[in-house]
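Asker: According to our numbering, the stretch in the sequence shown is residues 5 to 117, in order. Heads up, the beta-carbon is just placed ideally off N, CA and C, and yes, glycines get one too. What follows is a single structure, and I will ask about it in a moment.
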Amino acid sequence: MAPYFIPFILLSAAVLVISGTIIATPETLSLTNMFGRFELPWREVDRIEFGQGSLVFFAGQRRLTLPVFGWWSGPDAYALYNLIHSFSCHGQIPMKLTFRADLLLHKNTRVSC
């Protein structure tokens with residue numbers, strides 16, 4: 005194996021480790037993966053940043069990072085996409101493209117291990 009494949013292998017492994025199950029209820033947005041369950045109440049979300057591969061939901065000093073819409077699957081994936089899109093279109097939650105969104109991880113949102 006050529007050494008220049010190593011970064012791609014490491015990044016692929018990171019994606020598998022970080023990804024998980026996204027659950028949206030009328031009250032909360034959460035992600036469960038091998039590191040625990042991370043949750044953020046919708047009413048506290050004050051902005052959303054997105055990059056090439058991540059959506060980051062901010063609530064003050066807290067943040068929840070999800071993969072972009074293209075990685076979502078399941079029967080309710082499109083409904084969640086429409087919900088987030090409607091927040092942005094109606095000006096309820098500002099949404100902004102940033103380069104740093106792809107570098108951010110969850111912060112102060114873990115509810116269980």
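1. My output table needs one value for ALA77: the three-state DSSP class, helix, strand or coil.
2. In whole angstroms, give me the CA-to-CA distance for MET38 and GLY24.
3. Nearest-angstrom Cα distance between LEU87 and ASN112?
4. Check this for me: beta carbons of PRO45 and THR32, under 7 Å apart or not?
5. To which residues of the same chain is ILE52 closer than 8 Å at the C-beta, ignoring the five residues directly before and after it?
Answerer: Quick answer:
1. In the sequence shown, the residue the question calls residue 77 occupies position 73. A quick correction: the sequence has Ser, not Ala, at residue 77. DSSP places SER77 in coil when its eight states are reduced to three.
2. Stepping through the sequence shown from its first residue, residue 38 is reached at position 34. Stepping through the sequence shown from its first residue, residue 24 is reached at position 20. Going from the Cα of MET38 to the Cα of GLY24 covers about 8 Å.
3. The residue you call residue 87 lines up with position 83 of the sequence shown. The residue you call residue 112 lines up with position 108 of the sequence shown. Rounded to whole angstroms, LEU87 to ASN112 spans 24 Å at the Cα level.
4. Here the question's residue 45 lines up with position 41 in the sequence shown. Here the question's residue 32 lines up with position 28 in the sequence shown. Taking 7 Å as the Cβ cut-off, PRO45 and THR32 qualify as a contacting pair.
5. Locating residue 52 in the sequence shown gives position 48, where the first residue counts as 1. Contacts found: LEU59, VAL60, PHE61, PHE62, ILE88, PHE91, SER92, ILE97, PRO98, MET99, LYS100.
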